[in-house]
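S.K.: Residues 1 to 848 in the UniProt record's numbering are what the sequence shown spells out, letter by letter. Glycine is no exception: its CB is placed at the ideal position from the N, C-alpha and C atoms. Quick one: the structure is below, questions incoming.
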Amino acid sequence: MRVGAADSPDKDCYMAQNDTTDVFEPSVDNEATLKLWQDRHSFEVADLLPADDDKRRRYVVSMFPYPSGDLHMGHAEVYSISDAIARFERLRGGAVVHPIGWDSFGLPAENAALRRNLDPAEWTYQNIEVQAESFKRLGISFDWRTRLHTSDPEYYRWNQWIFLRMFEKGLAYRKAAPVNWCPTDKTVLANEQVIQGKCERCGTEVIKRKLTQWFFRISDYAQRLLDDMAQLAGNWPDDVLAMQRNWIGRSVGAHIDFAVDGRAEPVRVFSTRPDTLYGATFFVVAADSPLADELCAPEQAATLADYQARTRATPELERLATDRPMTGVSLGRTARNPLTGDAVPIYASDYVLAEYGTGAVMAVPAHDQRDLNFARTLGLPVRVVVATDEPDPATTGVATSGDGRLVNSGPLDGLTVPAAKAAVIADLEARGAGTAAVTFRVRDWLISRQRYWGTPIPIIHCESCGEVPVPDDQLPVRLPTTGYELRSQDGSSPLQSATQWLKVTCPTCGAPATRDTDTMDTFVDSSWYFLRFPNPTYTDGPFDPAGVRAWLPVDEYVGGKEHATGHLFYARFMTKVLHDLGYLPFTEPFTRLTNQGQVIMNGKAMSKSLGNLVNLQDQLAQYGPDAVRITMLFASPPEEDIDWADVSPGGSTKWLNRVLRLVHDIGKPTTDGSAPEAAAGGGADTGDPAVRKQVHALIAAVTQAMEGKRINVAIARLMELTTAVKKAHDARATPDAAVREGASSLVRMLSVVAPFTAEEAWSLLGNQPSVTDAGWPSFDPTLLVEETVTCVIQVNGKVRDRIEVPTAVTEDELRDLALDAPKIRGLLAGAEVRKMIIRVPRVVNLVL
Numbered sequence: 001m002r003v004g005a006a007d008s009p010d011k012d013c014y015m016a017q018n019d020t021t022d023v024f025e026p027s028v029d030n031e032a033t034l035k036l037w038q039d040r041h042s043f044e045v046a047d048l049l050p051a052d053d054d055k056r057r058r059y060v061v062s063m064f065p066y067p068s069g070d071l072h073m074g075h076a077e078v079y080s081i082s083d084a085i086a087r088f089e090r091l092r093g094g095a096v097v098h099p100i101g102w103d104s105f106g107l108p109a110e111n112a113a114l115r116r117n118l119d120p121a122e123w124t125y126q127n128i129e130v131q132a133e134s135f136k137r138l139g140i141s142f143d144w145r146t147r148l149h150t151s152d153p154e155y156y157r158w159n160q161w162i163f164l165r166m167f168e169k170g171l172a173y174r175k176a177a178p179v180n181w182c183p184t185d186k187t188v189l190a191n192e193q194v195i196q197g198k199c200e201r202c203g204t205e206v207i208k209r210k211l212t213q214w215f216f217r218i219s220d221y222a223q224r225l226l227d228d229m230a231q232l233a234g235n236w237p238d239d240v241l242a243m244q245r246n247w248i249g250r251s252v253g254a255h256i257d258f259a260v261d262g263r264a265e266p267v268r269v270f271s272t273r274p275d276t277l278y279g280a281t282f283f284v285v286a287a288d289s290p291l292a293d294e295l296c297a298p299e300q301a302a303t304l305a306d307y308q309a310r311t312r313a314t315p316e317l318e319r320l321a322t323d324r325p326m327t328g329v330s331l332g333r334t335a336r337n338p339l340t341g342d343a344v345p346i347y348a349s350d351y352v353l354a355e356y357g358t359g360a361v362m363a364v365p366a367h368d369q370r371d372l373n374f375a376r377t378l379g380l381p382v383r384v385v386v387a388t389d390e391p392d393p394a395t396t397g398v399a400t401s402g403d404g405r406l407v408n409s410g411p412l413d414g415l416t417v418p419a420a421k422a423a424v425i426a427d428l429e430a431r432g433a434g435t436a437a438v439t440f441r442v443r444d445w446l447i448s449r450q451r452y453w454g455t456p457i458p459i460i461h462c463e464s465c466g467e468v469p470v471p472d473d474q475l476p477v478r479l480p481t482t483g484y485e486l487r488s489q490d491g492s493s494p495l496q497s498a499t500q501w502l503k504v505t506c507p508t509c510g511a512p513a514t515r516d517t518d519t520m521d522t523f524v525d526s527s528w529y530f531l532r533f534p535n536p537t538y539t540d541g542p543f544d545p546a547g548v549r550a551w552l553p554v555d556e557y558v559g560g561k562e563h564a565t566g567h568l569f570y571a572r573f574m575t576k577v578l579h580d581l582g583y584l585p586f587t588e589p590f591t592r593l594t595n596q597g598q599v600i601m602n603g604k605a606m607s608k609s610l611g612n613l614v615n616l617q618d619q620l621a622q623y624g625p626d627a628v629r630i631t632m633l634f635a636s637p638p639e640e641d642i643d644w645a646d647v648s649p650g651g652s653t654k655w656l657n658r659v660l661r662l663v664h665d666i667g668k669p670t671t672d673g674s675a676p677e678a679a680a681g682g683g684a685d686t687g688d689p690a691v692r693k694q695v696h697a698l699i700a701a702v703t704q705a706m707e708g709k710r711i712n713v714a715i716a717r718l719m720e721l722t723t724a725v726k727k728a729h730d731a732r733a734t735p736d737a738a739v740r741e742g743a744s745s746l747v748r749m750l751s752v753v754a755p756f757t758a759e760e761a762w763s764l765l766g767n768q769p770s771v772t773d774a775g776w777p778s779f780d781p782t783l784l785v786e787e788t789v790t791c792v793i794q795v796n797g798k799v800r801d802r803i804e805v806p807t808a809v810t811e812d813e814l815r816d817l818a819l820d821a822p823k824i825r826g827l828l829a830g831a832e833v834r835k836m837i838i839r840v841p842r843v844v845n846l847v848l
């Protein structure tokens, strides 16, 4: 498959090594290779929906891209990783599905359309086509039959269908709640989309607003999301699992009821330290919670209102800080300690969050730093109830948190902290004033968005019937394409302006009604898309049960760890919901997870503002896709960052050209016109034994590295194999079967990381296309056995000699060999060996 030049040949390098007028100039025709793969359907499994059988199937998925423009360097990295894994599994005989789709709804497309005065759909689908062509140019081995876009009505119909099934089960609900509001993007954000108090998309400071929104009851699944991590241990990165555990935030403690003077109902709080109840000297509620208004005495109402206005303007991250000045106002009421009956004053403060528990805490300033800061600011009592070796917090201003024994706690005095916790809980339960409890930090998933470019929520609002589901046979509820204003000035959804679309008839009573005008968070789209890939045109449900049986759960999932508490968390939740609804036979979606690092420049993330962007298309034009891929994959393990300033695509090009020259020389006809394999005189086992041994050792090393996803190590071993094969070839006047075996193995393994070059090299060896059908080379385990090893001989701990010894040497034999080594005999002259430390077969240490 010799083709015209496309990449720049490394002519100078070649001519420096070869004194010949017949100079071979390496070249690769990528377009011809792409056509070859397309014509042969190289990356399509024979039957995407096979009958149940024992065939080895592998489902390799990368987190699908958002079409915000052309592919960037980060895309090149993540898809080079997944492609190497998919090609490796395919060459090893697996039936592999490597799918592609686009996460094509979302806020960035809407904002971009606003800036360009375009329809979001027009902008989105243009970018999808640009990215599709770039994927092909990179040579990513997608099965294009799997292609889907989440903004297609044929896809988001099933978002709506899943929503309705959850609504029927009470897992989707609507309520008024304080929410994160981005003033710039004019939409609410889930907690996961607020980074250090700012909108993750635009960086604007997020404020709190009270809105009626749609939620999914992810908190109902908190314990299962925690417990099922046992299925993922060892196959997911430990830090991702730790991030999810922290996000779930399981806390064990007690619910404690505080009676409030003048109020019939007690106020319940949660505490992980019920043992410190005797140290509660005041009571605090979140200033922006409904409870603050309920508890506030009339004479304090105006003061509270002023304070609440200031609280709403304070970012949440700042409110949680322990090193900021504490503020608060008295509510003019007191609560009663359920164990002592003592009255404690009630305050409203911004350091307590409305979403945490009931929005109220018992304040134990001696043993909680923020409580202590508040107490010192307002001059409130500090009572130590756990004696530790730490100084008095009332004096030092530092709360004590260590274990110790209870003091100043009546009947609890002298108990350890665990014993005191059990005793307090038992006492509270006996009094009917509390109970043991487990709580979770994770809040329900807020899915409402006040934007146009998303899945319409399939609910109709009727004055008589309330919230009415859209009937399944009326799905999808399509977005209006005309008659709406994309830009909303007051923060309401743009769909409010689509009056013709908005007005409908109630499916239950037939009265005039209106559609819900919120759209779904795009994380809903991506929480189940991997289920649909095996049959993206399926019309009888969100995914084809036959496809699920054949391919799911995902064998290998590749993407960034920035999604640990977003997409990955939601996908796990949705999988459990669909399992409980009877649609899936498994509870975890991704068997193995590989995180990739970032591609940075000069130690910093690439950005337009920093002026350090590296354009992927420029790199492809200059070096070619294989060199870019090799550079990405060789620079570091997948999970580490790659600094483009420190790598060398040019070096990758030189190595690939060296491979092409080597296989050209090995594959060209001999002087008598016979084919090289014929001149070699038989099969590979007739070749040079030393060469075969080295080749098979490197095949084993590359195989082991790929199995462990250490792709950079695999490339390093391929470079070693290139050198070994070239050295063996150059040392021979006639062809050798072992050399050819090494070249063939090199090219087949190279195809997982540099597929265009490997395809050309396969042709240069005289093989029929395509290398994708050639299979992964096997190695003979008997050739990996070491017959001899190097034994290090030390004298008084210093290395003095090295000798080759049989691997099966005995301790007595090794002692004699060491004492008889020439350098050692000279050192032992006139000296006494007091002790010999022998580690068969590699180390002998003589102590003189």
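By Cβ distance below 6 Å, which residues in the same chain neighbour F533 in space, the five residues on each side in sequence not counted?
M.R.: Against the sequence shown, residue 533 aligns to sequence position 533. Same-chain partners within the cutoff: P99 and T146.
S.K.: To the nearest angstrom, report how far apart V188 and G357 are at their CA atoms.
M.R.: As a working note, residue 188 is residue 188 in the sequence shown. As a working note, residue 357 is residue 357 in the sequence shown. If you take the alpha carbons of V188 and G357, they lie about 21 Å apart.
S.K.: Quick check on this structure: which residue in C296, D323, V329 and L295 has the alpha carbon closest to the alpha carbon of R310?
M.R.: Here the question's residue 310 lines up with position 310 in the sequence shown. Checking every option, the nearest Cα to that of R310 belongs to V329.
S.K.: Count the other CB atoms, across all protein chains shown, that sit within 10 Å of the CB of Q474; report buried if there are 16 or more and exposed otherwise.
M.R.: Working through the sequence shown from its first residue, we reach residue 474 at position 474. The residue is exposed, with fewer than 16 neighbouring Cβ atoms inside 10 Å.
S.K.: Judging by CA-CA distance, which residue of G775, D350 and W655 is the nearest neighbour of S744?
M.R.: The residue given as residue 744 occupies position 744 in the sequence shown. That would be G775, whose Cα lies nearest to the Cα of S744.
S.K.: Could you give the residue range of the beta strand (DSSP E) that holds K186?
M.R.: As a position in the sequence shown, residue 186 is number 186, starting the count at 1. Note, K186: premise wrong, no beta strand (DSSP E); not H, not E.
S.K.: Which residues in the same chain have their Cβ closer than 7 Å to the Cβ of F24, if we skip the five residues on either side of it in sequence?
M.R.: Counting from 1 along the sequence shown, the entry for residue 24 is found at position 24. Around F24: R661 and H664.
S.K.: Between A366, I642 and S409, which lies nearest to R383 when the distance is taken from Cα to Cα?
M.R.: As a working mapping, residue 383 is identified with position 383 in the sequence shown. Cα-wise, what sits closest to R383 is A366.
S.K.: For the ligand ATP, is there a heavy atom less than 6 Å away from the beta-carbon of P585?
M.R.: This structure simply doesn't include the ligand ATP, nor any ligand for that matter.
S.K.: Short of 7 Å in beta carbon distance, which residues of its chain neighbour D228, apart from the five on each side in sequence? Order them along the chain.
M.R.: By 1-based counting over the sequence shown, the position of residue 228 is 228. Here the set comprises T587 and E588.
S.K.: Using alpha carbons as the reference points, say which of F530, P545, A605 and F569 lies closest to V554.
M.R.: For the purposes of this step, residue 554 is identified with residue 554 of the sequence shown, where counting begins at 1. Of the listed residues, the one whose Cα sits closest to V554 is F530.
S.K.: The alpha helix (DSSP H) spanning S745 covers which residue range?
M.R.: What you label residue 745 is simply residue 745 of the sequence shown in a count that begins at 1. A737 to L750 is the span of the alpha helix (DSSP H), which, as asked, contains S745.
S.K.: Kindly identify the DSSP beta-bridge partner or partners of W102.
M.R.: As a working note, residue 102 is residue 102 in the sequence shown. H149, per the DSSP bridge assignment.
S.K.: Exposed or buried, which one is Q619 when buried takes at least 16 other CB atoms within 10 Å?
M.R.: Position 619 of the sequence shown, counted from the first residue, corresponds to residue 619. Q619 is buried by the Cβ-count criterion.
S.K.: Roughly how many angstroms lie between the CA atoms of T204 and A511, to the nearest whole one?
M.R.: Here residue 204 corresponds to residue number 204 of the sequence shown, with the count starting at 1. Here residue 511 corresponds to residue number 511 of the sequence shown, with the count starting at 1. So the two alpha carbons sit approximately 42 Å from each other.
S.K.: Taking 8 Å as the limit between beta carbons, can you name the residues of its chain near G410, skipping five residues before and five after?
M.R.: Sequence index remark: in the sequence shown, residue 410 carries index 410 (1-based). These residues qualify, in order along the chain: Y278, L339 and T340.
S.K.: Please name the residue, chosen from A259, N845 and E168, that lies closest to T471 on a Cα-to-Cα basis.
M.R.: As a first step, residue 471 is located in the sequence shown; it is residue number 471 there, counting from the start. Thr is not the amino acid found at residue 471; the sequence shown has Pro there. Per the Cα distances, E168.
S.K.: Please report how far the alpha carbon of S141 lies from the alpha carbon of R449, in whole angstroms.
M.R.: As a working note, residue 141 is residue 141 in the sequence shown. As a working note, residue 449 is residue 449 in the sequence shown. Those two C-alpha atoms are separated by around 35 Å.
S.K.: Going by beta carbon distance, what residues of the same chain come within less than 6 Å of A724, once the five residues before and after it are set aside?
M.R.: Locating residue 724 in the sequence shown gives position 724, where the first residue counts as 1. Around A724: Q694.
S.K.: Can you tell me whether A738 is buried or exposed? The criterion is at least 16 other CB atoms within 10 Å of its CB, across all chains shown.
M.R.: Along the sequence shown, read from residue 1 onward, the residue named residue 738 stands at position 738. It is buried - the Cβ of A738 has at least 16 other Cβ atoms within 10 Å.
S.K.: Taking all protein chains shown into account, do 16 or more other C-beta atoms lie within 10 angstroms of the C-beta of K576, making it buried, or fewer, making it exposed?
M.R.: Within the sequence shown, numbered from 1, the residue matching residue 576 stands at position 576. With 16 or more other Cβ atoms within 10 Å, it is buried.
S.K.: By the 10 Å Cβ neighbour count, where 16 or more other Cβ atoms means buried, how is S778 classified, buried or exposed?
M.R.: What you label residue 778 is simply residue 778 of the sequence shown in a count that begins at 1. Result: exposed.
S.K.: Here's the rule I'm using: 16 or more other beta-carbon atoms within 10 Å means buried, otherwise exposed. How should L610 be labelled?
M.R.: For this step, residue 610 is matched to residue 610 along the sequence shown. Counting Cβ neighbours within 10 Å, L610 comes out exposed, since fewer than 16 surround it.
S.K.: Under 7 Å, do I256 and F440 count as touching if we go by C-beta distance?
M.R.: The sequence position of residue 256 within the sequence shown is 256, counting from 1. The sequence position of residue 440 within the sequence shown is 440, counting from 1. No, the pair does not count as a contact, with Cβ atoms beyond the cut-off.
S.K.: In angstroms with no decimal places, state the Cα-to-Cα distance between T671 and K726.
M.R.: For the purposes of this step, residue 671 is taken as residue 671 along the sequence shown, with counting starting at 1. For the purposes of this step, residue 726 is taken as residue 726 along the sequence shown, with counting starting at 1. Here the model assigns T671 a pLDDT of 48, short of 50, so the residue's position is not dependable and the matter cannot be decided.
S.K.: Taking the runs of the beta strand (DSSP E) that are 3 residues or longer, which of them lie wholly in the segment 422-484?
M.R.: The segment 422-484 contains these whole beta strand (DSSP E) runs: 434-440, 459-462 and 466-469.
S.K.: Which residues bound the beta strand (DSSP E) around I600?
M.R.: The count along the sequence shown starts at 1 and reaches residue 600 at position 600. V599 to M601 is the span of the beta strand (DSSP E), which, as asked, contains I600.
S.K.: Which one of R312, T272 and L138 has the shortest CA to CA distance from A286?
M.R.: Position 286 of the sequence shown holds residue 286. Comparing Cα-Cα distances from A286 to each of R312, T272 and L138, the minimum goes to R312.
S.K.: Are L486 and Y452 close, meaning C-beta to C-beta below 7 Å?
M.R.: Stepping through the sequence shown from its first residue, residue 486 is reached at position 486. Stepping through the sequence shown from its first residue, residue 452 is reached at position 452. Yes, these two residues count as a Cβ contact at 7 Å.
S.K.: Beta carbon of A360, beta carbon of V267: below 7 Å?
M.R.: Numbered from its first residue, the sequence shown carries residue 360 at position 360. Numbered from its first residue, the sequence shown carries residue 267 at position 267. In contact: A360 and V267 (Cβ atoms closer than 7 Å).
S.K.: How would you call L848, buried or exposed, if buried means at least 16 neighbouring beta carbons within 10 angstroms?
M.R.: Start at 1 with the first residue of the sequence shown, and residue 848 comes out as number 848. Exposed: under 16 other Cβ atoms inside 10 Å.
S.K.: W144 by DSSP, collapsed to three states: which one?
M.R.: For the purposes of this step, residue 144 is taken as residue 144 along the sequence shown, with counting starting at 1. Note: W144 maps to helix in three-state DSSP.
S.K.: Buried or exposed for T757, going by 16 or more other Cβ atoms inside 10 Å?
M.R.: Here the question's residue 757 lines up with position 757 in the sequence shown. Looking at its Cβ environment, which holds 16 or more other Cβ atoms inside 10 Å, T757 is buried.
S.K.: Quick one, which of I837, A754 and E760 has its alpha-carbon nearest I793's?
M.R.: The residue you call residue 793 lines up with position 793 of the sequence shown. Of the listed residues, the one whose Cα sits closest to I793 is I837.
S.K.: Check whether the segment 54-66 and the segment 95-109 are in contact - that is, three or more C-beta pairs closer than 8 Å.
M.R.: Taking 8 Å as the limit for Cβ pairs, the verdict is that the segment 95-109 does touch the segment 54-66.
S.K.: The alpha helix (DSSP H) that contains T653, what's its start and end?
M.R.: Walking along the sequence shown from the start, residue 653 turns up at place 653. P649 to G667 is the extent of the alpha helix (DSSP H) around T653.
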